[in-house]
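Working notes for the structure below.
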Amino acid sequence: MVGRNISPDVFTFNILIDTLCKKGLREPTVVTYSSLMDGYCLGSQIDKARKLFDLMVTNEIADIFSYNILINGYCKCKMIDDARQIFDEMSHKGLVPDAVTYHTLIKAMFQAGRPQTAKELFKDMCSHGQQPNIVTFSIMIDGLCRQGNLDEALTLLKAMEKSQLKPNFVIYSSLINGMCKVGKINDARELFSSLFEIGLQPDVYVYNAIMKGLCQQGLMDEAYKVFKDMEKVGCLPNNCCYNIIIQGFLRHEDLPKASELINEMVDKGFSADDATTELVVHLSRNNNLILRLLKVRNEGSTN
Numbered sequence: 360m361v362g363r364n365i366s367p368d369v370f371t372f373n374i375l376i377d378t379l380c381k382k383g384l385r386e387p388t389v390v391t392y393s394s395l396m397d398g399y400c401l402g403s404q405i406d407k408a409r410k411l412f413d414l415m416v417t418n419e420i421a422d423i424f425s426y427n428i429l430i431n432g433y434c435k436c437k438m439i440d441d442a443r444q445i446f447d448e449m450s451h452k453g454l455v456p457d458a459v460t461y462h463t464l465i466k467a468m469f470q471a472g473r474p475q476t477a478k479e480l481f482k483d484m485c486s487h488g489q490q491p492n493i494v495t496f497s498i499m500i501d502g503l504c505r506q507g508n509l510d511e512a513l514t515l516l517k518a519m520e521k522s523q524l525k526p527n528f529v530i531y532s533s534l535i536n537g538m539c540k541v542g543k544i545n546d547a548r549e550l551f552s553s554l555f556e557i558g559l560q561p562d563v564y565v566y567n568a569i570m571k572g573l574c575q576q577g578l579m580d581e582a583y584k585v586f587k588d589m590e591k592v593g594c595l596p597n598n599c600c601y602n603i604i605i606q607g608f609l610r611h612e613d614l615p616k617a618s619e620l621i622n623e624m625v626d627k628g629f630s631a632d633d634a635t636t637e638l639v640v641h642l643s644r645n646n647n648l649i650l651r652l653l654k655v656r657n658e659g660s661t662n
């Protein structure tokens, strides 16, 4: 509702508050403030959310949920230092951060290019009795892989497996992306193949990860085979899949194949993303290349 720029009125909030209270949840005053705070954060009105939060602190009714709402709001607005300040403040007030608190901050730190702080928060989480779960490991491994810290990500994977947690497809796709990022395409291939060997059917995000890596290495025949194989096993390509493989062919100037896939993509209701469009524009600077592309597309439309 707020995401569509429709502001909830008092009547709407009263219905929400009444329902929550009837279910035995928090006190009305806490629910009221927290609901309003959450609405302001969703609407990117972080200053108004902070004023409500400060009022809650003054009235000594701020709880872990209130802190989490504001921390998440700051992180979404990329106000990481403010989020960290609220995190430190809650510790001083005797409130114990929960998994949601840590997950929000760790993810935000990675996104802000602060991997060291993210790792420190992870250690802090473990030392304060918060047992990392599959979400924790997913955030950490993805963040480390995006930063190029593959060895640390693999170390965490082993720690996760020791704690009897099984990797999910989010983790597998992160690792494949991470391996490709540091040029370990063979390791990425092996990991991808191992999923079938242990009876797992990769999802579309895992397929996207391996295809992207293969395209980056110029292994277009192999990337295209993976693209076609995924349909055979019932994993339907999404918009991202098409853009990855099309960009690969465009970068290697295989215009007939790129054109064929562009037509197929459009027929299925998908569209070119910014990167694909930029490549086509770049090719248009070379008249011979763009004329070939248009020729192939025109021939395809008349057949």
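According to my numbering, the sequence shown holds residues 360 to 662 in order. Each residue gets a CB set at the ideal place from its N, CA and C atoms; glycine is no exception. Since we're looking at a predicted model, the values are computed, not measured.
Rounded straight-line distance, which links the Cα of residue j to that of residue i
{"i": "isoleucine 604", "j": "lysine 543", "result": "20 angstroms"}
{"i": "valine 369", "j": "glycine 402", "result": "Bear in mind that a pLDDT of 42 at valine 369, under 50, signals an unreliable position, so the number given afterwards is only what the model happens to contain. Going by the C-alpha atoms only, they are around 16 angstroms apart."}
{"i": "valine 390", "j": "valine 455", "result": "20 angstroms"}
{"i": "leucine 578", "j": "proline 561", "result": "20 angstroms"}
{"i": "leucine 638", "j": "serine 618", "result": "13 angstroms"}
{"i": "glutamate 612", "j": "histidine 487", "result": "54 angstroms"}
{"i": "asparagine 418", "j": "phenylalanine 412", "result": "10 angstroms"}
{"i": "methionine 493", "j": "leucine 614", "result": "The sequence given here places isoleucine at residue 493; methionine does not occur at that position. Those two C-alpha atoms are separated by around 42 angstroms."}
{"i": "glycine 432", "j": "cysteine 400", "result": "5 angstroms"}
{"i": "isoleucine 621", "j": "glutamine 444", "result": "48 angstroms"}
{"i": "phenylalanine 555", "j": "leucine 480", "result": "35 angstroms"}
{"i": "glycine 607", "j": "asparagine 597", "result": "16 angstroms"}
{"i": "glycine 628", "j": "tyrosine 601", "result": "11 angstroms"}
{"i": "aspartate 457", "j": "lysine 478", "result": "16 angstroms"}
{"i": "leucine 550", "j": "methionine 538", "result": "10 angstroms"}
{"i": "valine 541", "j": "phenylalanine 528", "result": "20 angstroms"}
{"i": "phenylalanine 446", "j": "glutamine 576", "result": "42 angstroms"}
{"i": "asparagine 626", "j": "lysine 525", "result": "A small correction: the amino acid at residue 626 is aspartate; asparagine does not occupy that position in the sequence shown. One C-alpha to the other measures close to 38 angstroms."}
{"i": "tyrosine 426", "j": "asparagine 567", "result": "36 angstroms"}
{"i": "leucine 513", "j": "lysine 521", "result": "12 angstroms"}
{"i": "isoleucine 405", "j": "tyrosine 461", "result": "20 angstroms"}
{"i": "valine 640", "j": "aspartate 633", "result": "10 angstroms"}
{"i": "methionine 396", "j": "arginine 409", "result": "8 angstroms"}
{"i": "glycine 557", "j": "glycine 502", "result": "In the sequence as presented, glycine is not what sits at residue 557; that position holds isoleucine. Going from the Cα of isoleucine 557 to the Cα of glycine 502 covers about 26 angstroms."}
Reduced DSSP category for residue i - H, G, I as helix; E, B as strand; rest coil
{"i": "glutamine 560", "result": "coil"}
{"i": "aspartate 613", "result": "coil"}
{"i": "valine 369", "result": "With a pLDDT of 42 at valine 369, under the threshold of 50, the predicted position of this residue should be treated as unreliable, though the coordinate-derived value follows. Looking at valine 369 - three-state DSSP - the assignment turns out to be helix."}
{"i": "asparagine 545", "result": "helix"}
{"i": "valine 455", "result": "coil"}
{"i": "glycine 572", "result": "helix"}
{"i": "glycine 628", "result": "coil"}
{"i": "glycine 402", "result": "coil"}
{"i": "methionine 438", "result": "coil"}
{"i": "leucine 642", "result": "helix"}
{"i": "leucine 464", "result": "helix"}
{"i": "cysteine 600", "result": "helix"}
{"i": "cysteine 485", "result": "helix"}
{"i": "glutamine 606", "result": "helix"}
{"i": "glutamine 663", "result": "Only positions 360 to 662 of the chain appear in the structure, and residue 663 is not among them; the question remains open."}
{"i": "leucine 595", "result": "coil"}
{"i": "leucine 554", "result": "helix"}
{"i": "leucine 524", "result": "coil"}
{"i": "isoleucine 420", "result": "coil"}
{"i": "tyrosine 392", "result": "helix"}
N-terminal and C-terminal residue of the alpha helix (DSSP H) that residue i is part of
{"i": "arginine 473", "result": "Note, arginine 473: premise wrong, no alpha helix (DSSP H); not H, not E."}
{"i": "methionine 499", "result": "493-505"}
{"i": "lysine 410", "result": "405-417"}
{"i": "glycine 353", "result": "The chain is shown from 360 up to 662; residue 353 falls before or after that span and cannot be answered."}
{"i": "valine 585", "result": "579-591"}
{"i": "methionine 538", "result": "528-540"}
{"i": "lysine 521", "result": "509-521"}
Expected contact under 8 angstroms - CB spacing of residue i and residue j to nearest Å
{"i": "isoleucine 530", "j": "serine 497", "result": "5 angstroms"}
{"i": "alanine 442", "j": "leucine 464", "result": "6 angstroms"}
{"i": "leucine 573", "j": "alanine 582", "result": "4 angstroms"}
{"i": "threonine 388", "j": "isoleucine 428", "result": "In fact, because the Cβ distance is near 15 angstroms, the residues do not count as touching under 8 angstroms."}
{"i": "serine 393", "j": "phenylalanine 424", "result": "6 angstroms"}
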